[in-house]
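Just below is one structure, and these are the notes that go with it.
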Amino acid sequence: MAKELSTKAVQFLSRPIHGVIATYDTVNRLHQVPVNAVLDSTDGSKLFVLSRASSKKVRNITQNPFASFCVFVGQSYVSLAGAAKIESDPKFVSSVEVLYLVKYSKAVRPNPERVVIVIDPINVIEHRLDL
């Protein structure tokens with residue numbers, strides 16, 4: 228069951244800051260990389276990360292559909308984890324690219340191999356978001 232993000236968590240995740248996504252391969256080896264991410268613009272319940280279809284994180288999610296994401300500034304952070312899936316529909320990818328443009332004030336480079344990692348959080352940890 229999806230976990231709803233608090234208003235403070237949504238505000239924190241809406242800031243143009245970078246985070247780290249973690250995925251696991253088929254033998255549960257951890258893979259972590261820095262990424263940019265955006266929230267679902269309809270209700271903020273899902274996290275979207277753009278990636279290449281051939282990336283290790285996408286391959287890992289295809290084999291083991293779970294991911295976590297953490298973003299922090301100083302002592303404040305939001306960490307979420309949950310079911311992950313890969314969306315490759317070109318219209319959906321384009322809509323997420325627009326969300327990236329709005330959040331980061333910079334268009335993403337064209338990439339025909341681009342897909343979207345969708346994380347549906349089941350666990351959310353928030354720490355010191357009132358700083």
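With the working numbering applied, the sequence shown covers 228 to 358.
Quick reminder that beta carbons are idealized off the backbone N, C-alpha and C, glycines included.
{"Query": "Exposed unless 16 or more other CB atoms sit within 10 angstroms - verdict on residue 329", "Result": "exposed"}
{"Query": "For residue 253, the three-state DSSP class (helix, strand or coil)", "Result": "coil"}
{"Query": "Three CB pairs or more closer than 8 Å across the segment 314-321 and the segment 244-260", "Result": "no"}
{"Query": "Residue 277 to residue 229 span [Cα, whole Å]", "Result": "21 Å"}
{"Query": "Exposed unless 16 or more other CB atoms sit within 10 angstroms - verdict on residue 346", "Result": "buried"}
{"Query": "Coarse secondary structure for residue 303, derived from DSSP in three states", "Result": "strand"}
{"Query": "Three CB pairs or more closer than 8 Å across the segment 277-291 and the segment 337-344", "Result": "yes"}
{"Query": "Nearest candidate by alpha-carbon position, reference residue 254, set 355, 309, 268, 288", "Result": "288"}
{"Query": "Inside the segment 302-352 only - beta strand (DSSP E) runs reaching at least 3 residues", "Result": "303-314"}
{"Query": "Residue 323, buried or exposed, once every other Cβ within 10 Å from all chains shown has been counted against 16", "Result": "buried"}
{"Query": "Where residue 307 falls, given that 16 or more other Cβ within 10 Å makes a residue buried", "Result": "buried"}
{"Query": "CB-CB length for residue 292 against residue 311, believed under 8 Å", "Result": "5 Å"}
{"Query": "Identified DSSP bridge partners for residue 275", "Result": "265, 345"}
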